[in-house]
Ligand code: SF4
């Protein structure tokens, strides 16, 4: 009998073209390469310089998300790009995809959206696959039991040319989440809690598997939120073993196998779990019942605390930047902007969560709130449910899909000094605009804060009971 | 393409802040480029220029302070954040060939090594010494894997494959392409 093996090791073994040695990293085969406009142009240039073709355009899928405006075209029919360079970047990807025969979810394509939202949505993301993308939040796809990780542009070129990357095997970490989440507490809170516990570099060099009853109870959307944030704990890989929740979610999606192929895939996918007794380099156990709605108060994602808590002492730079003091209650932080969106929290369930709080309420005067769905499909589904009207009637702006204020490179950003409660994944200095202060939170907390005008606990809003 | 890196001697440029993330190294609004050339101009842009694009008089990165400095000593957890390879491109173009810290983020390190930039993690005591002595003359020898600073000499390790590529100024795509047959065989076996 084969020795007990971890989920990570199973997937690693399957994709190893050449094993690593002391002198050479292993060569790992990639089943799915997702590309977007920002981290691909220089990679295509390298191919061009060397006269190389794209080895497997059929295993490559492109979308436009980072630089695209979230406002519609003006009267002249032109999209309101932040800069000519942004428009040029979009045009470059369109041209590169046409030249190399790569499928592109182009502007106007009803399937377009944020790369880590559309992959799962279309069912190209599947258990057991190796998936890479030039974006650190590629770990999102690990929610399906895929081996998914972010790469840099050089490696984007490697994958385009060879469908492989050089990679050394990371160590494995398993985070067991025992018990269940309390009502009104979400996967985003779980992610921030974990990052606070292990630190922003606690997962460095590790591939994390999230397991335990509190994880098994999560929806696929919630698992994606959790895996998405792995990189904020320093881990390039985050994963959850696939189970019936996964299979039900994937069944019938456009790129998933059908008929006998689906049955064959299922039989294989059911073997993708960590065997009892498998060697794990580091095991951590967390009681999920203790987790409360969490927000960040500093400039690193591990500077997180309960929304009802106080800001602990942190280094002077962080206090100065965030305009905070030690011992200040987090609830006293006044809000200027609210952003619901990003590959962390822009799925239909996230939008429902925010809408449940905002229904029949008003965004406090003076606060600008943006709600940016993760994909065109989500936008349509949300509009069919009337979520867009809940947002606009509350005074929020309902935008077109894209990364928007998560990375603030399409013109959606805060003004210097603004405090933004954001459902995205990074609260770094300047991430959402120069001198903009970011408080990371769940969609429910973001919506509650928009109404209250200060960072607020969603559990204090009666409608949060539906969560 | 980058120049081979064998030995380098330079006065250090010191940025003692911890957690200098890739958004600091190159702000997102400059990522709309489709080229990798000339990004040194926007390296640490918000540390160097005000909103009007005028040089900040109190910047630790004023031109005269950084001229000729190829070794950057930074606070712990350097290069965290977004995986943008624009960060090492910008640093390289800014004239940096070696980054020294007590801790350097994974993805940044791997991106740096692919682009002619050597990330070096050192023990806390030597890190503190380097931080406390900006402008110190430091010698880094990648062939012998030693670093000399003042009267300290220490050895360091670099992932052997990345080291070879750096020493030769060779990028890894060429090496990967030599495995085309193995890759084809792997694909055929899976069909
Ligand atoms: S939403 Fe943010 S983290 Fe996600 S892909 Fe876009 S820029 Fe990257």
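Chains as they are written, first to last, in the numbering used here: chain F, 66 to 532; chain V, -18 to 172.
Even glycine gets a Cβ: it sits at the ideal position worked out from N, Cα and C.
CB residue i to CB residue j, shorter than 8 Å?
i                     : j                     : result
residue 400 (chain F) : residue 337 (chain F) : no
residue 519 (chain F) : residue 398 (chain F) : yes
residue 497 (chain F) : residue 474 (chain F) : no
residue 244 (chain F) : residue 353 (chain F) : yes
residue 439 (chain F) : residue 481 (chain F) : no
residue 402 (chain F) : residue 376 (chain F) : no
residue 125 (chain F) : residue 101 (chain F) : no
residue 175 (chain F) : residue 206 (chain F) : no
residue 299 (chain F) : residue 268 (chain F) : yes
residue 7 (chain V)   : residue 24 (chain V)  : yes
residue 88 (chain F)  : residue 204 (chain F) : no
residue 3 (chain V)   : residue 76 (chain V)  : no
residue 188 (chain F) : residue 319 (chain F) : yes
residue 164 (chain V) : residue 229 (chain F) : yes
residue 237 (chain F) : residue 308 (chain F) : no
residue 253 (chain F) : residue 410 (chain F) : yes
residue 502 (chain F) : residue 359 (chain F) : no
residue 301 (chain F) : residue 215 (chain F) : yes
residue 227 (chain F) : residue 209 (chain F) : no
residue 22 (chain V)  : residue 148 (chain V) : no
residue 219 (chain F) : residue 18 (chain V)  : no
residue 185 (chain V) : residue 52 (chain V)  : The structure shown does not extend to residue 185 (chain V), since chain V is modelled only from -18 through 172, so no value can be given for it.
residue 262 (chain F) : residue 239 (chain F) : no
In the DSSP output, what is residue i paired with across the bridge?
i                     : result
residue 238 (chain F) : F:273 and F:347
residue 130 (chain F) : For residue 130 (chain F), which the question treats as bridged, DSSP gives no partner whatsoever.
residue 463 (chain F) : F:436
residue 487 (chain F) : F:404 and F:505
residue 30 (chain V)  : V:36
residue 302 (chain F) : F:272
residue 170 (chain F) : F:128
residue -6 (chain V)  : V:53
residue 352 (chain F) : F:243
residue 361 (chain F) : F:369
residue -12 (chain V) : V:122
residue 75 (chain F)  : In the DSSP output, where bridge partners are listed per residue, residue 75 (chain F) has none listed.
residue 394 (chain F) : F:375
residue 328 (chain F) : DSSP output for residue 328 (chain F) lists no bridge partner at all.
residue 399 (chain F) : F:519
Once you ignore the five residues that flank residue i on each side, which residues in its own chain have a CB closer than 6 Å to its CB?
i                     : result
residue 383 (chain F) : 363 and 364
residue 141 (chain F) : none
residue 394 (chain F) : 375
residue 212 (chain F) : 76 and 195
residue 260 (chain F) : 297, 298, 366 and 367
residue 511 (chain F) : 403, 405, 486 and 488
residue 507 (chain F) : 251, 253 and 254
residue 68 (chain V)  : 3, 6 and 7
residue 108 (chain V) : 83
residue 50 (chain V)  : -9, -8 and -6
residue 321 (chain F) : 188 and 315
residue 462 (chain F) : 435
Cutting at 8 Å between CB atoms, please list the residues of its own chain near residue i, excluding the five before and the five after it.
i                     : result
residue 532 (chain F) : Bear in mind that the predicted position of residue 532 (chain F) carries a pLDDT of just 46, short of 50, making it too unreliable to give a figure here.
residue 112 (chain V) : -5, -3, 54 and 56
residue 264 (chain F) : 298, 299 and 367
residue 170 (chain F) : 126, 127, 128, 129, 176, 177, 178 and 183
residue -16 (chain V) : 97 and 150
If you drop the 5 nearest sequence neighbours on each side, which residues of the same chain put their C-beta closer than 7 Å to that of residue i?
i                     : result
residue 40 (chain V)  : 28 and 29
residue 145 (chain F) : 134, 136 and 139
residue 455 (chain F) : 420, 423 and 424
residue 530 (chain F) : Confidence at residue 530 (chain F) is low in this model, with a pLDDT of 44, below 50, so the placement of that residue is unreliable and no value is reported for it.
residue 331 (chain F) : 312
residue 32 (chain F)  : The structure shown has nothing for residue 32 (chain F), since chain F only spans 66 to 532.
residue 107 (chain F) : 218
residue 157 (chain V) : none
Kindly say whether residue i, judged by its beta-carbon, lies nearer than 8 Å to any beta-carbon of chain A.
i                     : result
residue 292 (chain F) : The chain labelled as chain A is not found among the protein chains of the depicted structure, namely F and V.
Problem set entry | Start-end ranges of the alpha helix (DSSP H) lying completely within the region 40 to 84 of chain V, minimum 4 residues | 44 to 47 and 67 to 74
Exercise. Unbroken alpha helix (DSSP H) runs of length 4 or more, entirely within the region 184 to 270 of chain F: which are they?
Worked result: 218 to 227 and 252 to 263
Exercise. Which ranges does the alpha helix (DSSP H) cover as unbroken runs of at least 4 residues, wholly within the region 95 to 171 of chain V, from first to last along the chain?
Worked result: Counting only runs of 4 or more, we get 105 to 113, 141 to 149, 153 to 158 and 161 to 171.
Exercise. Which full runs of the alpha helix (DSSP H) of 4+ residues lie inside the region 77 to 133 of chain F, going along the chain?
Worked result: 106 to 115
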